[in-house]
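Engineer: Structure provided below as structure tokens; questions to follow.
Chains as they are written, first to last, in the UniProt record's numbering: chain A, 1 to 251; chain B, 1 to 57; chain C, 1 to 222.
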């Protein structure tokens with residue numbers, strides 16, 4: 001019985017008007033949650049945490065750099081799950097959500113690359129180092145751009161979404177391989193890779209802001225995903241009755 | 001030398017980039033939604049205009 | 001089944017021969033790169049031999065990109081591609097046949113002329129066999145990856161830029177392991193680990209990529 005209810009609920013989400021309403025109701029709450037978590041996290045990160053004894057204040061970049069990097073990767077996983085659902089059950093709302101994840105994931109990848117590069121300047125003395133993590137993030141950015149470009153290049157959006165879903169799954173297999181090969185490549189080319197930060201040696205007082213920021217980026221991703229999906233849905237269904245009705249009601 | 005001042009520009013630029021890109025994630029859907037609404041209204045108005053025109057003739 | 005595959009292969013090769021000049025383009029391209037690079041970085045043997053593995057490989061990669069846009073497009077336009085689903089031969093095998101002919105046209109000439117290229121860039125003699133082996137394992141990978149990207153972009157009309165963006169992340173591991181192997185051999189080290197990993201990639205790609213390519217083709221002809 002419970003299973004049946006879940007199934008029905010799931011199928012109802014495939015209906016554009018229901019999905020649209022869900023996005024409209026849930027997204028603001030997610031944004032609000034993200035704002036609260038981020039405010040908490042940033043306050044702690046900038047004022048409460050003492051400077052690192054080795055990197056002094058520059059390590060504070062970690063609190064935006066690491067959550068962004070994790071979210072860039074977690075976002076890809078979310079897209080992969082959505083892509084599988086989209087390809088197997090052909091649910092249009094999941095197709096749209098899988099596609100709308102790409103620009104947000106790319107945005108977080110960009111944050112990660114930019115802050116990593118800025119962090120590298122005082123720490124390594126250069127803006128860019130062919131560090132394994134930075135390099136694989138750069139490749140990840142191109143994977144995201146590829147997905148966005150492929151989807152945008154199709155006139156038939158449903159077809160484009162499904163083809164791009166295949167690309168998402170190819171990337172899912174490929175990204176770990178890229179990461180591993182790049183790691184190997186940097187250890188081959190440089191005597192020793194500069195270690196970013198010792199995760200195990202992190203002081204316990206440094207952890208809470210990081211956790212708050214990680215939660216905040218997760219909520220931001222979810223909220224942005226719902227916002228963008230809602231717009232895409234309206235744009236695609238602009239000639240359909242339910243959009244007309246909604247517009248008539250809100251106008 | 002005070003270390004905080006040495007690193008402050010780097011830290012603040014990083015946080016600034018984070019804030020700008022996240023803000024764009026909030027603003028972009030809002031802008032797009034506004035544009036979409038305007039477009040849809042225009043389309044609807046055009047169609048309704050045609051309708052009344054047809055009815056009169 | 002084999003007959004359909006052989007017929008497709010024969011047709012592709014015959015077409016390639018008839019378009020003589022066009023099929024030589026990958027090779028011309030390879031040598032254009034190999035001549036331009038020394039002109040750009042200077043003729044110093046030390047520098048050239050250090051960058052030789054990377055140069056040969058990047059040239060091979062770019063050469064394989066050339067023919068990709070026409071890999072499935074003509075068949076889509078004249079309706080042959082749809083016929084692939086009506087025959088009894090599994091489409092995956094036809095895709096493999098098409099990729100094999102792509103490899104024969106773009107990959108094989110590069111392998112044959114790799115020793116010449118190696119000499120031009122002063123690659124140490126002891127690394128030559130590794131270079132050829134890495135190309136033998138790696139160029140089929142390039143064809144497989146290129147085939148996938150070309151199938152994905154088939155339904156779009158601005159394929160070429162997109163094609164390179166899609167291919168770039170996929171070839172990163174290939175390039176790393178292949179040039180790693182040649183560099184190791186040039187330094188007198190064993191290249192076995194690199195070549196082993198490259199082979200593993202090939203096996204993975206041969207099993208998975210035709211599936212994805214077939215799925216992408218199917219979506220694009222719907």
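The beta carbon of each residue, even a glycine, is placed where N, CA and C say it ideally should be.
Write down the C-beta distance between residue 102 of chain C and residue 67 of chain C rounded to the nearest angstrom, noting that I regard them as a contact closer than 8 Å.
Structural biologist: Contact flag correct, Cβ pair sits at about 6 Å.
Engineer: Against chain A, which members of the region 172-195 of chain C pass a CB distance test of less than 7 Å?
Structural biologist: So the close ones are 172, 173, 176, 177 and 180.
Engineer: Does residue 155 of chain A come out as helix, strand or coil in the three-state DSSP assignment?
Structural biologist: Residue state, collapsed to three classes: coil.
Engineer: Against chain A, does residue 36 of chain B count as a neighbour if the rule is that its beta carbon must be under 8 Å from one of theirs?
Structural biologist: For residue 36 of chain B, the answer is yes, since a Cβ of chain A falls inside 8 Å of its Cβ.
Engineer: Looking at C-beta atoms only, is the number of pairs between the region 32-40 of chain C and the region 137-150 of chain C that lie closer than 8 Å three or more?
Structural biologist: Counting Cβ pairs under 8 Å, fewer than three are found: no touch.
Engineer: What is the DSSP secondary structure of residue 14 of chain A, reduced to helix, strand or coil?
Structural biologist: Three-state DSSP puts residue 14 of chain A in coil, outside helix and strand.
Engineer: Looking at residue 113 of chain A and residue 138 of chain A, is the spacing between their C-beta atoms short of 8 Å?
Structural biologist: For residue 138 of chain A and residue 113 of chain A, yes; Cβs fall inside 8 Å.
Engineer: Is it true that the region 207-222 of chain A meets the region 28-36 of chain A, where meeting means three or more beta-carbon pairs spaced less than 8 Å apart?
Structural biologist: Segments in contact, yes.
Engineer: Put residue 1 of chain A into one of helix, strand or coil per three-state DSSP.
Structural biologist: If DSSP states are grouped into helix, strand and coil, residue 1 of chain A belongs with coil.
Engineer: Leaving out five residues on either side along the sequence, give the residues of the same chain with a beta carbon under 7 Å from the beta carbon of residue 164 of chain A.
Structural biologist: So the list reads 99, 147, 150 and 151, once near-sequence residues are dropped.
Engineer: Could I get the ranges of all uninterrupted alpha helix (DSSP H) runs contained in the UniProt domain "Cytochrome c assembly protein" (32-189) of chain A, with 4 residues as the minimum, in chain order?
Structural biologist: Whole alpha helix (DSSP H) segments, 4+ residues: 62-89, 92-124, 132-153 and 157-189.
Engineer: Does the beta carbon of residue 181 of chain A come closer than 8 Å to any beta carbon on chain C?
Structural biologist: Yes, contact with chain C.
Engineer: For residue 43 of chain A, is the classification buried or exposed, using 16 other Cβ atoms within 10 angstroms of its Cβ as the cut-off for buried?
Structural biologist: Exposed is the call here.
Engineer: Who are the near neighbours of residue 198 of chain C in its chain, counting only those whose CB is closer than 8 Å to its CB and skipping five residues on each side?
Structural biologist: Cβ neighbours of residue 198 of chain C beyond the five flanking positions: 134, 137, 138, 141, 174, 177, 178 and 181.
Engineer: Mind checking residue 9 of chain A: buried by the 16 CB within 10 Å criterion, or exposed?
Structural biologist: Exposed.
Engineer: How would you label residue 19 of chain C, buried or exposed, when you count the other beta carbons within 10 angstroms and need 16 or more for buried?
Structural biologist: Exposed.
Engineer: Taking only beta-carbon atoms, is residue 8 of chain B less than 8 Å away from chain A?
Structural biologist: Yes, residue 8 of chain B counts as interfacial toward chain A.
Engineer: Please report whether the beta-carbon of residue 82 of chain C lies at a distance below 8 Å from any beta-carbon of chain A.
Structural biologist: By this cut-off, residue 82 of chain C is not an interface position.
Engineer: Check the C-beta distance from residue 27 of chain A over to residue 227 of chain A and give it rounded, since I have them as a contact under 8 Å.
Structural biologist: Right, the Cβ-Cβ distance comes to about 5 Å (below 8 Å), so this counts as a contact.
Engineer: What's the call for residue 147 of chain C, buried or exposed, on a 16-neighbour Cβ count within 10 Å?
Structural biologist: Residue 147 of chain C comes out buried.
Engineer: How many Å lie between residue 3 of chain C and residue 97 of chain C at the Cα?
Structural biologist: In a straight line, the C-alpha of residue 3 of chain C is about 12 Å away from that of residue 97 of chain C.
Engineer: Tell me, please, whether the CB atom of residue 165 of chain C is closer than 8 Å to any CB atom in chain A?
Structural biologist: So yes, residue 165 of chain C belongs to the interface.
Engineer: Which residues, in order along the region 32-54 of chain C, keep a beta-carbon less than 7 Å from a beta-carbon of chain A?
Structural biologist: Cβ contacts with chain A: none found.
Engineer: Compare the beta carbon distance of residue 229 of chain A and residue 97 of chain A with 8 Å and say whether it is the shorter of the two.
Structural biologist: Going by C-beta atoms, residue 229 of chain A is nearer than 8 Å to residue 97 of chain A.
Engineer: Under 8 Å, with one C-beta from each stretch per pair, do the region 193-207 of chain C and the region 125-137 of chain A reach the 3-pair mark?
Structural biologist: Because the criterion of three Cβ pairs below 8 Å is not met, the region 193-207 of chain C and the region 125-137 of chain A do not touch.
Engineer: Quick one: using the 10 Å Cβ neighbour count with 16 as the cut-off for buried, is residue 219 of chain C buried or exposed?
Structural biologist: So residue 219 of chain C ends up on the buried side.
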